[in-house]
Amino acid sequence: MKKISIAIDGPASSGKSTVAKILAKKLKYVYCDTGAMYRALTYLALEKNIDFENEKALVELCLAHTISFEQTEKEQLVFVDGVEVTEAIRQPNVTNAVSIVAKHAAVREKMVEMQQEIGQAGGVVMDGRDIGTAVLPDAEVKIFLVASVKERAERRYKENQEKGIATDFETLKKEIEHRDYLDSTREVSPLKQAVDAVKIDTTGMSIDEVVRAIEEIIATNK
Ligand code: C5P
Numbered sequence: 001m002k003k004i005s006i007a008i009d010g011p012a013s014s015g016k017s018t019v020a021k022i023l024a025k026k027l028k029y030v031y032c033d034t035g036a037m038y039r040a041l042t043y044l045a046l047e048k049n050i051d052f053e054n055e056k057a058l059v060e061l062c063l064a065h066t067i068s069f070e071q072t073e074k075e076q077l078v079f080v081d082g083v084e085v086t087e088a089i090r091q092p093n094v095t096n097a098v099s100i101v102a103k104h105a106a107v108r109e110k111m112v113e114m115q116q117e118i119g120q121a122g123g124v125v126m127d128g129r130d131i132g133t134a135v136l137p138d139a140e141v142k143i144f145l146v147a148s149v150k151e152r153a154e155r156r157y158k159e160n161q162e163k164g165i166a167t168d169f170e171t172l173k174k175e176i177e178h179r180d181y182l183d184s185t186r187e188v189s190p191l192k193q194a195v196d197a198v199k200i201d202t203t204g205m206s207i208d209e210v211v212r213a214i215e216e217i218i219a220t221n222k
């Protein structure tokens, strides 16, 4: 069967990574979490004390270090220069700075280049903010996942609790809204539904239901 490309975009905590991972496993496709790449760069900027507004220094940082993934049976591990940062890049200090790092045109250019390289052979499920619009504009299947802010904050709150990350619910909700605002209003490839993407509102839906809905869309494309 022909290996297609599946682009999944949507706002923060809309369930993109969870369903993308499940779909990739079922289809035996490569999974690419583009948010993790922006997070890894933000982590590096924090480590090296680079100003988040310094576009040139951020690009140099990106060129000087290697961001890589390793797929295990259970999860996708993220590495910077071979050192595992999977948990570190999910911490609040990274989450609250990543949208500033991700707004720069030259940073995005570099990231998109790396992401297109991963996706060029097809057989990929890629999630992010600009996959359907900029990274894989020819993807056979494009999904735009949304959910109410309240539900997204609840999901993230639960996830954080399970990971032992202490968070206040109201603060989390405000941070999600703020990140959505920054991601949707930036000049370069803002978070936006591609014209040919199918929108799924996952509010009140289980993960299984979302996966099934996407599988049905994939089936109509084969
Ligand atoms: O998906 P996740 O929430 O981990 O993404 C973290 C941040 O990375 C987003 O809030 C956004 O600023 C940035 N991002 C982006 N483009 C992508 C993926 C993520 O700008 N394709």
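Residue numbers (the UniProt record's numbering): 1 to 222. Think of the CB as a built atom: it goes at the ideal place given N, C-alpha and C, for glycine as much as any other residue.
query, result
"State the DSSP-derived secondary structure class of K103, mapped to helix, strand or coil.", "coil"
"Could you give the residue range of the alpha helix (DSSP H) that holds M205?", "Taken as a continuous stretch (DSSP letters only), M205 belongs to no alpha helix (DSSP H), as it is neither H nor E."
"Secondary structure at Q76, three-state DSSP: helix, strand or coil?", "strand"
"For D168, which three-state DSSP category applies?", "coil"
"Can you tell me which of the three DSSP states D130 falls into?", "coil"
"When DSSP builds the beta bridges, which residues end up paired with Q68?", "The question names Gln, but residue 68 is Ser in the sequence shown. DSSP output for S68 lists F79 as bridge partner(s)."
"Leaving out the 5 sequence neighbours to the left and right, which residues in its chain are closer than 7 Å to N160 when beta-carbon positions are compared?", "T167"
"Measuring CA to CA, which of E215, I6, R212, S189 is closest to D130?", "S189"
"Among R179, K16, Y29, which residue has its Cα nearest to the Cα of I4?", "Y29"
"Would you grab the beta carbon distance between C32 and G132 for me? Rounded to a whole angstrom, and I think it's under 8 Å.", "At roughly 14 Å, the Cβ-Cβ gap does not stay under 8 Å, so C32 and G132 are not in contact."
"For E187, name the three-state secondary structure that DSSP assigns.", "coil"
"In terms of alpha-carbon separation, which member of V125, F69, Q91 lies closest to D81?", "F69"
"Taking 7 Å as the line, does the beta carbon of G123 fall inside it for any heavy atom of the ligand C5P?", "no"
"My assumption, with CB atoms under 8 Å, is that V125 sits in contact with D201. Please give the rounded CB distance.", "V125 to D201, Cβ: 20 Å. No contact."
"Any heavy atom of the ligand C5P within a distance shorter than 7 Å of the CB on Y31?", "no"
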